[in-house]
Amino acid sequence: MIPLVAFFFVHLAHGHIGAYHRAMYCLNGLSNVTVQGIRSVSDPQQRVQTWDEFWFRGQCKEFPPPEGEFLELPVGGYAELELVGNKAVSSLGFSENLSAS
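Residues -15 to -1, 1 to 86 (mature numbering (1 follows the signal peptide of the UniProt record, and there is no 0)) are what the sequence shown spells out, left to right.
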């Protein structure tokens, strides 16, 4: 019985995680409009055949981070990233609004 129940919950698990930061390319997907629940960073790349399609996920290099936003990488220090499957559940998404209610 337990394996049967576990089988139905396997679909709920997501195995693709992306590293999100305010100073990242494609923060809003392939758009300059703020999108709260985007998951294009953590979606698997399928049918990628060339290096240009793979690197920066193809068109992501056309959507750089906002002017003046940088990810500081201190020598011997730490860089703070958020590892999530959807931007909505990070501090960059609308999870702040959900936790307030």
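Backbone N, C-alpha and C fix where the C-beta goes; we use that ideal spot for every residue, glycine too. Please read all numbers here as calculations on a predicted model, not as lab measurements.
Per DSSP, what are the beta-bridge partners of residue i in this structure?
i     : result
LEU68 : ALA4
Does the separation of the CB atoms of residue i and residue j fall below 8 Å?
i     : j     : result
LEU4  : LEU68 : The question names Leu, but residue 4 in the sequence shown is Ala. In contact: ALA4 and LEU68 (Cβ atoms closer than 8 Å).
ASN71 : ARG32 : no
Please list, in chain order, all residues of the same chain as residue i whose beta carbon is under 6 Å from its beta carbon, the five residues on each side excluded.
i     : result
CYS11 : CYS45 and PHE48
LEU15 : GLN44
Pull up the distance between the alpha-carbon of residue i and that of residue j, whole angstroms please.
i     : j     : result
PRO59 : GLU38 : 30 Å
GLU54 : GLN34 : 31 Å
TYR63 : GLY22 : 27 Å
VAL20 : VAL26 : 13 Å
To test your reading of the DSSP string, which unbroken beta strand (DSSP E) runs of 3 or more residues are found completely within the region 14 to 71? Within the region 14 to 71, the complete beta strand (DSSP E) runs of at least 3 residues are 67 to 69.
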